[in-house]
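J.: In this note's numbering, the protein residues as written are 54 to 306. Heads up, the beta-carbon is just placed ideally off N, CA and C, and yes, glycines get one too. Keep in mind that this is a model prediction, so the values were computed, not measured. What follows is a structure written as structure tokens; I'll ask about it next.
Listed below in structure tokens is the structure:
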């Protein structure tokens, strides 16, 4: 969910994984190696579900599935890679997988259920034609990456759209359209996602009070922070922190 990396399979496309999208890999040529390259000092925080072809065949038995999945489970021997945009539904599911409110066997059951929901979202994206074999080129996204860098440099201050557009030589309308095409989000939605990533990381560290975390994440008021956090993760920051602390306690017991 956070961080950037170059991921690829032997002889295939290399994808740039970012917080705005997710990587989809169908590893049909089992002899091909998967490589992951990460920039120095770049922190990566991700969820990486893995389903074997046999497992998918069992789960999807009797269902109508996208052609690319059908070929994979039938053993076509070809790789498939794609970098779809991260939808709000998928982002919420990933948050729920990472922060299950349960412990022990119940936690594992809850996470398994959410993984199946995650698989359903991917199948829906494939079926609806929202996944393409190649992501937009680096050249096409260069201006949007520059905008993201500007926003990330100060998450607490959202510059006017006019200022951002001028910085990359676009009109406001062009920027708004290009930014959504590149990230799947509006500028404000993107900033909120990044703020909440900062907040979730600080909550996991467990050192700062929630008021301090809300300010670090760019929120002027704790109430606004709490409302955004609940919309994203389904629980308030205090409960999120307690759940993580309980997991750490049980794991270390």
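Looking at the unbroken alpha helix (DSSP H) that takes in residue 141, where does it start and where does it end?
T.: Run containing residue 141: 141 to 151, per the alpha helix (DSSP H) assignment.
J.: If you draw a straight line from the alpha carbon of residue 254 to that of residue 163, how long is it in whole angstroms?
T.: Near 22 Å, if we compare the C-alpha coordinates of residue 163 and residue 254.
J.: Could you check whether residue 247 and residue 205 sit closer than 8 Å to each other, using their CB atoms as the reference points?
T.: It is a contact, given that the beta carbons lie within the stated cut-off.
J.: If residue 217 sits next to residue 208, beta carbons under 8 Å apart, how far is it from one beta carbon to the other, in whole angstroms?
T.: In fact, because the Cβ distance is near 14 Å, the residues do not count as touching under 8 Å.
J.: If you reduce the DSSP assignment to three classes, tell me which class residue 189 lands in.
T.: Residue confidence is low: residue 189 scores 48 on pLDDT, short of 50, so the model does not pin down where it sits. No coordinate-derived value is stated.
J.: Enumerate in chain order the residues of its own chain whose CB-to-CB distance from residue 245 is below 7 Å, with the five nearest sequence positions on each side excluded.
T.: 281.
J.: Round the Cβ separation of residue 154 and residue 279 to the nearest angstrom and send it over; I've been treating them as touching at under 8 Å.
T.: The Cβ separation is near 17 Å, so there is no contact.
J.: Starting from the Cα of residue 196, find the closest Cα among 177, 223, 270, 77 and give me that residue.
T.: Ranking the options by Cα distance to residue 196, first place goes to 223.
J.: Count the other CB atoms, across all protein chains shown, that sit within 10 Å of the CB of residue 187; report buried if there are 16 or more and exposed otherwise.
T.: Any answer about residue 187 is weak, because its pLDDT of 45 lies below 50 and its placement is not dependable; what the coordinates show is given next. It is exposed - the Cβ of residue 187 has fewer than 16 other Cβ atoms within 10 Å.
J.: Taking only three categories from DSSP, how would you classify residue 224?
T.: It is coil, neither helix nor strand.
J.: Mind reading off the beta-carbon distance from residue 130 to residue 82? Whole number of angstroms is fine, and I expect it under 8 Å.
T.: Between residue 82 and residue 130 the Cβ distance is about 6 Å, and since that is below 8 Å, they are a contact.
J.: Please state whether DSSP places residue 74 in a helix, a strand or coil.
T.: Three-state result, residue 74: strand.
J.: Compare the C-beta of residue 269 against all C-beta atoms of chain B and say whether one is closer than 8 Å.
T.: Given the protein chain composition of this structure (a single chain), no chain B is represented.
J.: Based on DSSP bridge pairs, tell me the residues matched to residue 256.
T.: None; residue 256 has no bridge partner.
J.: From residue 138 to residue 242, what does the alpha carbon distance come to, in whole angstroms?
T.: Those two C-alpha atoms are separated by around 14 Å.
J.: Quick check on DSSP: helix, strand or coil for residue 179?
T.: DSSP places residue 179 in helix when its eight states are reduced to three.
J.: How far does the beta strand (DSSP E) with residue 135 in it reach, from first residue to last?
T.: Element bounds for residue 135: 133 to 135.
J.: Using 8 Å as the threshold, is the C-beta distance between residue 298 and residue 259 below it?
T.: Yes. Within cutoff.
J.: Any idea if residue 286 is buried or exposed, counting beta-carbon neighbours within 10 angstroms, 16 or more meaning buried?
T.: Under this definition residue 286 is a buried residue.
J.: Checking 8 Å against the spacing of the C-beta atoms, do residue 249 and residue 229 come in under that value?
T.: Not in contact: residue 249 and residue 229 (Cβ atoms no closer than 8 Å).
J.: So, with DSSP's three-state summary, where would you put residue 129?
T.: It is coil, neither helix nor strand.
J.: Can you find the residues in the same chain that come closer than 6 Å, C-beta to C-beta, to residue 189, ignoring five residues on each side of it along the sequence?
T.: At residue 189 the pLDDT is 48, less than 50, meaning the model places this residue with poor confidence and gives no usable figure here.
J.: Under DSSP, the alpha helix (DSSP H) around residue 208 begins and ends at which residues?
T.: Unbroken run through residue 208: none, as it is neither H nor E.
J.: Taking DSSP's pairing of strands, which residues face residue 79 in a bridge?
T.: The partner list for residue 79 (beta bridge, DSSP) reads 133.
J.: Where do the N-terminal and C-terminal ends of the alpha helix (DSSP H) with residue 275 fall, by residue?
T.: 275 to 286 is the extent of the alpha helix (DSSP H) around residue 275.
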